[in-house]
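Note that this note's numbering numbers the sequence shown so that position 44 is 68, with each residue one more than the last. All C-beta atoms, glycine included, are put in the ideal place defined by N, C-alpha and C. If you're wondering where the values come from, they're calculated on a predicted model, not measured in any experiment. Heads up, the thing below is written out as structure tokens.
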Amino acid sequence: MIQTDGRPLVGRSPEFTGHALDTWAYKNRVKLFFIEPGKPVQNAHIESFNGKLRNECLNLEWFTSLREARTVIEEWRHCYNGFRPHSSLNNLPPEVWLQKQQKEAENLYT
């Protein structure tokens, strides 16, 4: 459920959270539900992402430094968010999907 200003009414969170998240949720009237310890399947979205990151990036590389790992992972993130088709977006890359959504929104208001 979403509030009129776009903030969620409810959020799901891993079992470990910081004071900043707790404070933000309180100030924004967002109720947090926590994932039970040892039950990562309660957050299927992050489990799906973690699997893709491991299979498409981490398992393919042998990092020799933290700097190299950061560079390679950032390149993968850029491709993942910009060019890789996502089944949840009708097999469109996120940037293409966003442009399509923006055009559709413009057409609604013109």
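- The segment 50-80 contains, as complete alpha helix (DSSP H) runs of 4+ residues, the segments 68-80 (chain order).
- Between the alpha carbons of Val-96 and Asn-114 lies a distance of about 27 Å.
- In the DSSP assignment, Arg-91 falls within the unbroken alpha helix (DSSP H) covering 90-106.
- Minimum Cα-Cα distance from Ser-72 among the listed residues Ser-111, Asp-46, Glu-92 corresponds to Ser-111.
- For Glu-85, there is no enclosing alpha helix (DSSP H), as DSSP marks it with neither H nor E.
- Here the segment 87-104 makes no contact with the segment 124-131; the two share fewer than three CB pairs at distances below 8 Å.
- Residue range 118-132 is occupied by the alpha helix (DSSP H) that includes Asn-131.
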